[in-house]
Structure formats: C-alpha cells, structure tokens
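Read the structure below first, then the notes.
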Amino acid sequence: FTYPGAEEPALRDVSIEIRQGEVIAFVGENGSGKTTLAKILSGLYEPDSGTVRWDDTDLTTVSPDDLRLRTAVIAQDHTRWPLTARYNITMGTDKGEPALHAAAAVAGADEVIADLPHGYRTLLDRRFKDGHELSGGQWQRIAVARGFHRDADLLICDEPTAALDARAEHALFERIRNHSDGRTVLLITHRLASVRYADRIYVLDHGKITEQGDHATLMALDGLYADLYTL
Numbered sequence: 039f040t041y042p043g044a045e046e047p048a049l050r051d052v053s054i055e056i057r058q059g060e061v062i063a064f065v066g067e068n069g070s071g072k073t074t075l076a077k078i079l080s081g082l083y084e085p086d087s088g089t090v091r092w093d094d095t096d097l098t099t100v101s102p103d104d105l106r107l108r109t110a111v112i113a114q115d116h117t118r119w120p121l122t123a124r125y126n127i128t129m130g131t132d133k134g135e136p137a138l139h140a141a142a143a144v145a146g147a148d149e150v151i152a153d154l155p156h157g158y159r160t161l162l163d164r165r166f167k168d169g170h171e172l173s174g175g176q177w178q179r180i181a182v183a184r185g186f187h188r189d190a191d192l193l194i195c196d197e198p199t200a201a202l203d204a205r206a207e208h209a210l211f212e213r214i215r216n217h218s219d220g221r222t223v224l225l226i227t228h229r230l231a232s233v234r235y236a237d238r239i240y241v242l243d244h245g246k247i248t249e250q251g252d253h254a255t256l257m258a259l260d261g262l263y264a265d266l267y268t269l
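Per our numbering: the sequence shown = residues 39 to 269.
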C-alpha cells in the first residue's frame with residue numbers, strides 16, 4: 039500500500055492471520071505502518087495489491103455499511119461531541135441502561151460520569167448552561183466506552199490512551215482484554231508494557247512485519263521488539 043504522492047510504500051509484503059477472539063498487538067516506531075495496516079484490515083483503505091478477507095470473504099465485496107457495523111475504532115484523535123455524556127457513548131444507538139453502564143465500566147468512564155453534575159445527562163461543553171469540560175484523559179475514557187458500546191466483531195484501539203499515564207493505560211488495556219467477550223481486539227501503542235499479554239504481537243519496521251510471536255518469544259529473539267521494550 040502506497041499513499042498518494044508518496045515515493046515509498048507504507049506497507050509491503052504483509053501477510054497476517056487473525057483469529058476470532060484473539061487480542062493482537064501491532065508495535066513499532068512512528069511511521070512503521072501500524073495504523074495504516076489497521077485501517078486496511080478494517081476496510082477504511084484498500085490495498086494496492088493483495089486482499090483482506092474476513093471469514094474467507096474479500097472485503098472489497100462487502101458494503102461499507104456492513105463493515106462499519108462490524109468494526110469499532112478507538113483512536114487517539116477521537117471526536118468530542120458537544121452533547122451529553124450518554125450520547126457521546128451511545129452515538130444514537132442507545133441499547134438501554136445495562137449496555138451503557140457496562141461499556142462505561144470497562145473504560146473507567148463510569149468514574150468520570152459519577153463526578154459530573156448531571157451524570158449521563160451532563161452536556162460536555164462549557165458553552166452550554168450547566169455544561170462541563172472534560173480533561174484529555176477523561177475524554178479518552180469516554181471514547182473507549184463508545185467503542186465497547188458498539189459491540190462490534192473487531193475492536194481497533196489505535197493509541198487510545200495517549201493522554202493517560204503508563205499505569206492508567208496498563209489498567210485500561212487489562213480491562214479491555216478481560217472484557218473482550220469473544221470479539222477480536224487489535225491494540226496499537228508505543229508503550230510496549232501494555233501489550234505483553236496479547237495473544238500475538240506483530241512488529242512492524244518500515245512497512246514490513248519483521249517479527250511476530252508472543253511477548254516471551256519476541257524477547258528471546260533479542261531483536262527490534264526487545265530493543266523497544268527495554269528502552
């Protein structure tokens with residue numbers, strides 16, 4: 039895959055297999071191709087050559103609407119809607135109180151909402167009467183809750199915890215891993231301590247997958263992953 043106007047491919051000769059229910063991690067330095075690969079897997083980008091298949095179905099034959107229903111993305115640059123806390127999680131697909139509270143609890147957003155003056159009914163924008171402004175870390179918890187509320191087959195977490203410290207990020211990833219409930223989770227982060235319990239880790243370098251395996255296997259290789267982990 040090559041971005042328009044770029045001289046070098048962002049990805050080349052990539053071949054991976056992800057099974058349902060696995061927690062997979064993409065790691066590598068900035069510009070290594072992690073986010074590009076995640077966007078191709080979710081159908082946001084089409085590869086220049088090769089295919090992406092879900093259950094042996096070529097993604098190019100699947101409608102964009104169906105793909106959106108099966109994929110949830112929690113990104114670093116998440117949207118901050120000037121609406122209620124509830125709507126920022128449900129995004130118009132309200133499934134009732136149990137689903138709302140479960141998603142908030144996994145993300146730790148329930149603690150944020152408990153401190154809001156009107157709970158889930160609080161408008162998250164100071165421009166409104168009785169509106170409230172969240173911190174960056176609080177917004178990220180809301181975004182994670184939004185991703186879990188989607189209940190999609192594939193949950194992509196692309197640097198979703200940049201505004202959290204390392205301890206809070208580790209705790210959040212643990213909750214994500216323990217509450218995946220059969221869905222496939224793809225973690226993308228530069229903090230490798232948070233991915234050591236992933237079922238499989240793919241290491242990308244200049245658009246290629248150079249190493250793969252679990253944490254122990256990659257540390258034993260003493261290659262790029264081990265170098266990045268011990269920085």
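Glycine is no exception: its CB is placed at the ideal position from the N, C-alpha and C atoms.
Asked                                                                                               : Found
Reduced DSSP category for Gly185 - H, G, I as helix; E, B as strand; rest coil                      : helix
Reference Trp119, options Ala113, Ile127, Ile112, closest by Cα                                     : Ile127
Coarse secondary structure for Leu79, derived from DSSP in three states                             : helix
Boundaries of the beta strand (DSSP E) in which Tyr240 is found, first to last residue              : 238-243
Interface flag, Leu82 vs chain D, CB-CB below 8 angstroms                                           : Considering every chain present, this structure includes no chain D. It has just one protein chain.
Residue environment, Lys167, which counts as buried when at least 16 other CB atoms sit within 10 Å : exposed
Complete runs of the alpha helix (DSSP H) confined to the stretch 80-132 [at least 4 residues]      : 102-108, 123-128
Assigned exposure category for His187 - 16 Cβ within 10 Å defines buried                            : buried
Per-residue DSSP class, three states only, for Phe39                                                : coil
Any 3 or more C-beta pairs closer than 8 angstroms across the stretch 223-242 and the stretch 65-81 : yes
Strand pairing of Thr222, partner residues [DSSP]                                                   : Leu192
Pro85 versus Leu225: straight-line alpha-carbon distance, rounded                                   : 21 angstroms
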